[in-house]
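Residue numbers (full-length UniProt numbering): 1 to 369.
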């Protein structure tokens, strides 16, 4: 499913594309997060306008509400939410990790309580795949066990081994004739020997792509980048590499440098709803009083719908008045910024000048501050 177009001569970064049942997307790519079958505040048309080629859905949340049976009646997630481009669904492993006081992990799978009504639920590797096949996502993720930070070697080893066994069960349960891709997830905490072991185990099983999980769980930034670089270098080069849940703009620039092809993060959408906007010259916190009469757009270099039409003063007014439109306009802007950053990265890789791109990215941030 992965086609490599250009390998950087300066670093591990590469330019490629991934083919799926609902079309092709270009890499490196940032995937907006649509947890509950919606990218919060955005219509599918809004997403297409900012250039989103693939979005994320969340198996755990959709499994609980509205439930797979309902989505099945609509012919899958694409028709349910009126999105005709690729969708990646995560397996629910991270949500179970986040709700660990409500969850019990065993060899069989994860028993947990619904965060909505406390009802008892169970997710095994087999039914995590079955749920995602019903959802009809283009890329499915194996059920994994995420390791907290910090974790000692024995705790991390147990979770890493369990993830590998679950991955084999996911692969065995996967009906490949539907064309859906299945990605394995490399765990191992901050222990390099476990990361290496996990890559080897997953390669033996064989997947359509390989993800790094268990990063951005509270570890220092330099450690996250070190583990990313180490793990990405071990990944099979003929498959897409996905860094899960990592996503400041600098993280994307650094992840690509280290050989990552795919990213997702709630940061641009969540920050938008909290009134924090990304710009080419740094962040704008829209509630600040200094924007009360500011007639400029959020970013004078931005061509998004929000910046073409509205002033900082108006966006501040909407935010202070708790208007729903504030979330939409802010989200359009932040996702447009992220899409533009990734387009710039892909262009730099095509021109084999990623080192210069990365240097300019930091120079622009430095001159703004």
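Built from N, CA and C at the ideal position, the CB exists for glycine as well.
Note that the structure is predicted; figures quoted are calculated from it, not measured.
Between the alpha carbons of residue 383 and residue 107, how many angstroms are there, rounded?
Since the first residue of the chain shown is 1 and the last is 369, residue 383 is not available in this structure.
Going by beta carbon distance, what residues of the same chain come within less than 8 angstroms of residue 215, once the five residues before and after it are set aside?
224, 227, 228, 243, 244, 245 and 246.
Which residues in the same chain have their Cβ closer than 6 angstroms to the Cβ of residue 134, if we skip the five residues on either side of it in sequence?
Contacts found: 68 and 72.
Closer than 7 angstroms by C-beta to residue 178: which residues in its own chain qualify, once you throw out the five before and the five after it? Chain order, please.
133
Given this structure, state the Cα-to-Cα distance separating residue 41 from residue 272, to the nearest angstrom.
10 angstroms
Using DSSP with H/G/I as helix, E/B as strand and the rest coil, what is residue 139?
Residue 139 sits in a strand when the DSSP states are folded into three classes.
Which residues share a DSSP beta bridge with residue 19?
24
Tell me whether residue 6 sits in a helix, a strand or coil according to DSSP, three-state version.
Residue state, collapsed to three classes: strand.
Looking at the unbroken alpha helix (DSSP H) that takes in residue 318, where does it start and where does it end?
312-320
Who does residue 58 pair with in a DSSP beta bridge?
90
Could you compute how far the alpha carbon of residue 211 sits from the alpha carbon of residue 186?
6 angstroms
How is the alpha helix (DSSP H) around residue 346 delimited, first residue to last?
Residue range 324-350 is occupied by the alpha helix (DSSP H) that includes residue 346.
Kindly indicate the opening and closing residues of the alpha helix (DSSP H) around residue 72.
68-73
Which of helix, strand or coil does DSSP assign to residue 149?
When DSSP states are grouped into helix, strand and coil, residue 149 belongs to the coil group.
Once DSSP output is grouped into helix, strand and coil, what is the label at residue 33?
Annotated three-state conformation of residue 33 is strand, per DSSP.
Taking residue 46 as part of the alpha helix (DSSP H), name the residues at either end of that continuous run.
44-49
Quickly, what does DSSP pair residue 242 with across the bridge? List them, please.
211 and 262
Is the Cβ-Cβ distance between residue 10 and residue 17 less than 9 angstroms?
no
Note down the Cα distance separating residue 104 from residue 98, rounded to an integer number of angstroms.
12 angstroms
Considering only C-alpha positions, which residue in the set 331, 112, 291 and 305 is nearest to residue 317?
291
Run through DSSP, which three-state label would residue 277 get?
strand
To the nearest angstrom, how far is the alpha carbon of residue 249 from that of residue 29?
12 angstroms
When the cut-off is 9 angstroms and only beta carbons count, does residue 26 lie next to chain B?
Protein chains in the displayed structure number just one, and chain B is not present.
Based on the DSSP secondary-structure assignment, which residues constitute the bridge partners of residue 113?
120
Can you tell me which residues form a DSSP beta bridge with residue 247?
None, per the DSSP bridge assignment.
Count the other CB atoms within 10 Å of the CB of residue 182; is the residue buried (16 or more) or exposed (fewer)?
buried
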